[in-house]
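Note that the protein sequences, when read in sequence, are chains A and B. Using my numbering, count along the first sequence one by one with no gaps and you end on 726. Using my numbering, count along the second sequence one by one with no gaps and you end on 580. Positions of the beta carbon are idealized from the N, C-alpha and C atoms, including for glycine. Predicted model only: the values in this text are computed from it and were never measured.
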Amino acid sequence: MFPILEAEFLAPEIKRFVIEAPRVARKRRAGQFVIVRLHERGERIPLTIADGDPERGTITLIVQGVGKTTKLMNLLEAGDAILDLVGPLGSPSDVRRYGTVVVIGGGVGTAIAWPTARAMKQAGNRVVGIVGARSRQLVLLEPEMRAICDELEIVTDDGSSGRQGVVIDPLCERIMRGDRIDLVLAIGPVRMMQAVAEMTRPSGIRTIVSLNSLMVDGTGMCGGCRVSTRDGTRFACVDGPEFDAHAVDFDTLARRNRTYRDSEAAALEAFRADPNSALAQVRHSCRLEPTHPPEEAASR
Amino acid sequence: MSANPLPPKQRTKIPRQEMPEQQAAARRRNFDEVNRGLTVLGASTEAMRCLECAKPACVSGCPVGVKIRDFIALITAGDYLGAAAKIREDNVLPAITGRVCPQETQCEGCCILGKTFEPLGIGHLERFVADYEREHGELGLPEIAPPSGRKVAIIGSGPAGLSAAGDLVRWGHAVTVFEALHEIGGVLVYGIPAFRLPKAIVRHEVEALARMGVDFQANVVVGKTVTIDELMDEEGYDAVLVATGAGLPKFLGIPGEHLPGVSSANEFLTRVNLMHANEFPSYDEPVFDCRGRDVAVIGGGNTAMDAVRTACRLGARRSLLIYRRTEAEMPARVEEIRHAKQEGIELLTLANPVAFLSDDEGFLAGVRCLRMELGQPDASGRRSPVPIPGSEFEVPVAMAVVALGTGANPLVQSSTPDLATDPRGYIAADPETLRTSKRGVFAAGDIVTGAATVILAMAAGRRAAAAIGEFLESGAWIDAEAVG
Ligand SMILES: Cc1cc2nc3c(=O)[nH]c(=O)nc-3n(C[C@H](O)[C@H](O)[C@H](O)COP(=O)(O)OP(=O)(O)OC[C@H]3O[C@@H](n4cnc5c(N)ncnc54)[C@H](O)[C@@H]3O)c2cc1C
Ligand SMILES: Cc1cc2nc3c(=O)[nH]c(=O)nc-3n(C[C@H](O)[C@H](O)[C@H](O)COP(=O)(O)OP(=O)(O)OC[C@H]3O[C@@H](n4cnc5c(N)ncnc54)[C@H](O)[C@@H]3O)c2cc1C
Ligand code: SF4
Ligand code: SF4
Ligand code: FES
Numbered sequence: 427m428f429p430i431l432e433a434e435f436l437a438p439e440i441k442r443f444v445i446e447a448p449r450v451a452r453k454r455r456a457g458q459f460v461i462v463r464l465h466e467r468g469e470r471i472p473l474t475i476a477d478g479d480p481e482r483g484t485i486t487l488i489v490q491g492v493g494k495t496t497k498l499m500n501l502l503e504a505g506d507a508i509l510d511l512v513g514p515l516g517s518p519s520d521v522r523r524y525g526t527v528v529v530i531g532g533g534v535g536t537a538i539a540w541p542t543a544r545a546m547k548q549a550g551n552r553v554v555g556i557v558g559a560r561s562r563q564l565v566l567l568e569p570e571m572r573a574i575c576d577e578l579e580i581v582t583d584d585g586s587s588g589r590q591g592v593v594i595d596p597l598c599e600r601i602m603r604g605d606r607i608d609l610v611l612a613i614g615p616v617r618m619m620q621a622v623a624e625m626t627r628p629s630g631i632r633t634i635v636s637l638n639s640l641m642v643d644g645t646g647m648c649g650g651c652r653v654s655t656r657d658g659t660r661f662a663c664v665d666g667p668e669f670d671a672h673a674v675d676f677d678t679l680a681r682r683n684r685t686y687r688d689s690e691a692a693a694l695e696a697f698r699a700d701p702n703s704a705l706a707q708v709r710h711s712c713r714l715e716p717t718h719p720p721e722e723a724a725s726r
Numbered sequence: 097m098s099a100n101p102l103p104p105k106q107r108t109k110i111p112r113q114e115m116p117e118q119q120a121a122a123r124r125r126n127f128d129e130v131n132r133g134l135t136v137l138g139a140s141t142e143a144m145r146c147l148e149c150a151k152p153a154c155v156s157g158c159p160v161g162v163k164i165r166d167f168i169a170l171i172t173a174g175d176y177l178g179a180a181a182k183i184r185e186d187n188v189l190p191a192i193t194g195r196v197c198p199q200e201t202q203c204e205g206c207c208i209l210g211k212t213f214e215p216l217g218i219g220h221l222e223r224f225v226a227d228y229e230r231e232h233g234e235l236g237l238p239e240i241a242p243p244s245g246r247k248v249a250i251i252g253s254g255p256a257g258l259s260a261a262g263d264l265v266r267w268g269h270a271v272t273v274f275e276a277l278h279e280i281g282g283v284l285v286y287g288i289p290a291f292r293l294p295k296a297i298v299r300h301e302v303e304a305l306a307r308m309g310v311d312f313q314a315n316v317v318v319g320k321t322v323t324i325d326e327l328m329d330e331e332g333y334d335a336v337l338v339a340t341g342a343g344l345p346k347f348l349g350i351p352g353e354h355l356p357g358v359s360s361a362n363e364f365l366t367r368v369n370l371m372h373a374n375e376f377p378s379y380d381e382p383v384f385d386c387r388g389r390d391v392a393v394i395g396g397g398n399t400a401m402d403a404v405r406t407a408c409r410l411g412a413r414r415s416l417l418i419y420r421r422t423e424a425e426m427p428a429r430v431e432e433i434r435h436a437k438q439e440g441i442e443l444l445t446l447a448n449p450v451a452f453l454s455d456d457e458g459f460l461a462g463v464r465c466l467r468m469e470l471g472q473p474d475a476s477g478r479r480s481p482v483p484i485p486g487s488e489f490e491v492p493v494a495m496a497v498v499a500l501g502t503g504a505n506p507l508v509q510s511s512t513p514d515l516a517t518d519p520r521g522y523i524a525a526d527p528e529t530l531r532t533s534k535r536g537v538f539a540a541g542d543i544v545t546g547a548a549t550v551i552l553a554m555a556a557g558r559r560a561a562a563a564i565g566e567f568l569e570s571g572a573w574i575d576a577e578a579v580g
């Protein structure tokens with residue numbers, strides 16, 4: 427059982443959780459994620475570790491409600507608990523001193539990019555942030571990004587905050603202007619990452635993306651998260667989730683992510699019709715006798 | 097001393113007692129166990145067939161040397177709990193091995209009766225007494241030695257890890273089992289389907305171990321959540337057993353393998369067995385919807401057989417197994433092949449996929465195969481398949497499952513630099529003591545041998561436990577130069 431200590435909405439449908447998970451908090455590094463299972467009948471979903479406090483033994487997750495499991499998670503409050511949580515999974519970001527790093531976050535991708543952006547800043551890079559969202563309300567972590575970015579641009583679809591447009595517009599301008607860019611980190615919807623990759627390909631700017639493939643175990647056992655790259659098949663959960671954007675076959679990724687679309691839609695519809703019984707299921711599972719002894723056993 | 101009233105001649109006249117089975121027409125659409133278990137009458141009749149050989153050949157076929165003749169004699173005497181105890185002297189998971197051992201190549205394959213008649217149903221009898229013991233619950237927990245003050249970490253909760261845990265905890269050591277998944281049992285819970293091995297049986301074994309004092313910690317990936325060095329240097333474990341199995345799926349590497357609709361057997365079986373996707377939407381994890389659609393599974397081992405029979409149970413219209421040799425070469429247990437055929441599984445043998453084909457929407461639509469013929473025997477002694485040029489043909493399917501075997505998952509090895517591996521990535525360990533190149537670290541099961549069997553993993557786990565016990569007592573670590 428993994429108790430939720432804090433839970434607050436950052437934007438509509440986007441919630442920040444502080445969760446007690448001492449082992450994960452001790453080990454996590456920027457770019458890594460956990461897999462959670464909310465209740466006895468729940469599915470396993472991957473979520474990036476946005477932050478961690480080894481002293482307090484906590485990690486921070488930022489969740490965007492897009493389907494049944496994430497929307498259900500966003501109903502949880504401080505005092506609730508998560509049944510299963512495992513990590514830190516995946517390879518940490520390759521944080522080095524590159525020079526100027528442009529960090530592009532689209533939607534909840536900003537939350538996934540933020541820990542790496544911060545680590546890049548701490549490593550002595552000049553960090554330029556480009557944060558995109560549909561509208562003002564959905565702009566994530568603006569103060570946090572502002573605190574670590576040497577320059578920050580906000581882009582919204584409707585122009586309600588920052589400039590109107592999409593995240594690749596400011597990137598395009600910088601490239602055209604000949605600004606120095608040593609590394610681009612782009613995290614967001616598949617099509618956004620693909621567009622960034624195409625934009626930086628001609629000039630050969632090193633570009634990293636974090637891939638959101640479907641996952642089950644997160645340890646390299648199922649192969650469900652496999653992505654097709656120039657160097658062959660890779661498993662996003664262990665070889666990634668970050669990859670060289672110019673090596674990734676995004677069309678295949680986008681197609682694979684649609685594998686369960688009908689089931690996902692059905693699950694969401696059933697959840698919408700009766701969210702309370704799903705919530706009751708979480709609260710029931712997390713009150714059962716712990717089948718998974720709490721973590722303090724580790725320090726015996 | 098024999099309780100068997102029949103003279104040997106008459107014993108051979110009794111036909112082998114058939115295992116009561118769920119009717120094929122019904123079971124092909126449910127996940128209940130296929131074999132229902134021998135009745136008391138069936139079991140005692142079957143036991144009477146045993147010739148009680150002075151030098152039982154059957155025992156030489158069992159990898160752990162279960163005292164088969166003796167436990168059978170106890171069945172004949174009506175002492176089922178005694179029979180169970182007799183098996184447990186050598187085999188701590190009899191309800192599981194009785195169900196899943198490849199008996200035809202092991203104990204039963206060596207039974208003298210099999211030379212002229214049908215071999216004794218040793219697996220069925222082993223299962224019978226183990227089930228009897230569980231259902232009658234009269235055997236208490238074994239005696240536990242006083243605490244030794246030593247701590248052992250076991251990584252992985254498959255048969256190797258579980259059986260090592262059982263021995264070590266009895267000897268008074270503090271045992272913690274770390275498991276990456278949220279459930280304990282390894283392949284027994286995520287791989288082998290409930291229609292062959294009901295999950296309650298595995299849970300029963302795990303609960304018994306927990307009552308004996310084994311501390312199970314799910315959701316810990318060693319190599320990520322914590323490393324072996326941290327376990328030993330910071331958390332005070334005196335010894336570590338790596339029993340992480342061979343869980344890395346192999347793919348064909350042919351065009352179209354990334355299409356939605358193509359998955360590994362590990363993924364497909366994990367979704368159904370561990371995550372209960374067959375009960376979607378009551379459970380949240382989805383699985384590819386194969387209701388009324390055609391499914392192909394590629395491979396010929398137990399995993400392939402489990403996957404194709406699972407697809408059938410999920411409602412597939414046509415469940416097809418594609419294998420590049422012939423039925424005679426299939427590595428799956430013969431009972432599984434027979435059951436599969438009864439359930440209407442089609443075997444497409446001497447065929448090898450060369451590409452997965454897609455529909456307009458980018459979903460899987462079919463498999464293109466080449467016909468094969470058998471050529472010269474290869475290194476494994478089996479005749480190797482040779483493609484027939486120009487023999488390509490297509491099979492329309494909506495889902496395909498690749499069950500080509502598994503390899504070593506590198507997570508633990510790569511996070512433990514001084515742990516030597518063999519060229520294929522498996523952990524190098526002394527075959528007897530299961531010591532690795534790293535002091536205090538042992539390894540057992542599929543992570544040493546490559547994908548093998550439950551009984552071999554169990555045997556290795558117990559050998560490792562014995563070696564760990566000795567190491568904890570003497571503190572001596574003979575640096576086996578041979579290792580590596
Ligand atoms: C490494 C990694 C890190 C992630 N970090 C975060 C994060 O920090 N915050 C966050 O809000 N989201 C994150 N995601 C995405 C998150 O896992 C999915 O949104 C979630 O699984 C959707 O589940 P659902 O049941 O709510 O929606 P579903 O109904 O299952 O799906 C809705 C949409 O999400 C996609 N999706 C479904 N299942 C998965 C899955 N297992 N993995 C990835 N995408 C999926 C589908 O393609 C679909 O478009 C991450 C994904 C990965 C792979
Ligand atoms: C579908 C299928 C059907 C089979 N059918 C049969 C059969 O009929 N008869 C038979 O005898 N054998 C069968 N086998 C083979 C048999 O199941 C295996 O040989 C046996 O389970 C191996 O046992 P093990 O303890 O070595 O590892 P496993 O059972 O593989 O268990 C290893 C465990 O370690 C965990 N783990 C891995 N890495 C880590 C880590 N870094 N940290 C923490 N935990 C970790 C895994 O999650 C897993 O739970 C089958 C296998 C499969 C896949
Ligand atoms: S453990 Fe397996 S091989 Fe040995 S007697 Fe039992 S069923 Fe036969
Ligand atoms: S070889 Fe066969 S007949 Fe002889 S003791 Fe063993 S099981 Fe009985
Ligand atoms: S999620 Fe199963 S291998 Fe990556």
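With distances taken between CB atoms, is the gap from residue i to residue j smaller than 9 Å?
| i | j | result |
| --- | --- | --- |
| A:Ala-456 | A:Val-521 | yes |
| B:Leu-507 | B:Thr-340 | yes |
| A:Phe-443 | A:Val-489 | yes |
| B:Glu-88 | B:Gly-252 | Since the first residue of chain B shown is 97 and the last is 580, residue 88 of chain B is not available in this structure. |
| A:Thr-495 | A:Ile-471 | yes |
| B:Glu-279 | B:Ala-314 | yes |
| B:Gly-396 | B:Leu-416 | no |
Let me check you understand the geometry: is the CB of residue i closer than 8 Å to at least one non-hydrogen atom of ligand 4?
| i | result |
| --- | --- |
| B:Pro-592 | The displayed coordinates of chain B run from 97 to 580. Any statement about residue 592 of chain B would go beyond what the structure contains. |
| B:Val-160 | no |
Flag residue i as yes when its Cβ comes closer than 8 Å to any non-hydrogen atom of ligand 2, and as no otherwise.
| i | result |
| --- | --- |
| A:Phe-428 | no |
| B:Ala-407 | no |
How about residue i: is its Cβ closer than 8 Å to a heavy atom in ligand 3?
| i | result |
| --- | --- |
| B:Thr-193 | yes |
| A:Gln-548 | no |
In terms of residue numbering, what span does the beta strand (DSSP E) encompassing residue i cover?
| i | result |
| --- | --- |
| A:Ile-556 | 552 to 559 |
| A:Ser-654 | 652 to 655 |
| B:Ile-418 | 414 to 419 |
| B:Lys-247 | 247 to 251 |
| B:Ser-570 | It is not in any beta strand (DSSP E) - B:Ser-570 instead sits in the alpha helix (DSSP H) that spans 550 to 570. |
| B:Asn-448 | 447 to 454 |
In the DSSP assignment, the alpha helix (DSSP H) including residue i goes from what residue to what residue?
| i | result |
| --- | --- |
| B:Val-358 | Per DSSP, B:Val-358 belongs to no alpha helix (DSSP H); it is in the beta strand (DSSP E), 358 to 360. |
| B:Glu-231 | 218 to 232 |
| A:Gln-490 | Note, A:Gln-490: premise wrong, no alpha helix (DSSP H); beta strand (DSSP E) at 484 to 490. |
| B:Thr-545 | 542 to 545 |
Under a Cβ-count criterion, where at least 16 other Cβ atoms within 10 Å of its own Cβ denotes burial, should residue i be classed as buried or exposed?
| i | result |
| --- | --- |
| A:Pro-720 | With a pLDDT of only 44 at A:Pro-720, under 50, the local geometry of the prediction cannot be trusted, and the value read off the model is given with reservation. With fewer than 16 other Cβ atoms within 10 Å, it is exposed. |
| A:Met-602 | exposed |
| B:Glu-231 | exposed |
| B:Leu-305 | buried |
| A:Asp-510 | buried |
| B:Ala-504 | buried |
| B:Leu-137 | exposed |
Using only the heavy atoms of ligand 5, determine whether one of them is closer than 8 Å to the beta carbon of residue i.
| i | result |
| --- | --- |
| A:Arg-652 | yes |
| A:Val-512 | no |
Is residue i a contact residue of ligand 1, with contact defined as CB to any heavy atom under 8 Å?
| i | result |
| --- | --- |
| A:Cys-648 | no |
Step through the CB atoms of chain C and report whether any lies within less than 9 Å of the CB of residue i.
| i | result |
| --- | --- |
| B:Thr-321 | Among the chains of the structure shown, chain C does not appear; the protein chains present are A and B. |
- Contact residues within the region 485 to 503 of chain A, judged by C-beta distance below 8 Å to chain B: Lys-494, Thr-495
Could you list the residues in the region 445 to 458 of chain B with a C-beta less than 8 Å from some C-beta on chain A, going in chain order?
-> Gly-458
request  = Could you run through the region 344 to 359 of chain B and flag, in chain order, every residue whose CB is less than 8 Å away from some CB of chain A?
outcome  = Leu-344, Pro-345, Phe-347, Gly-349, Glu-353, His-354, Leu-355, Pro-356, Gly-357, Ser-359
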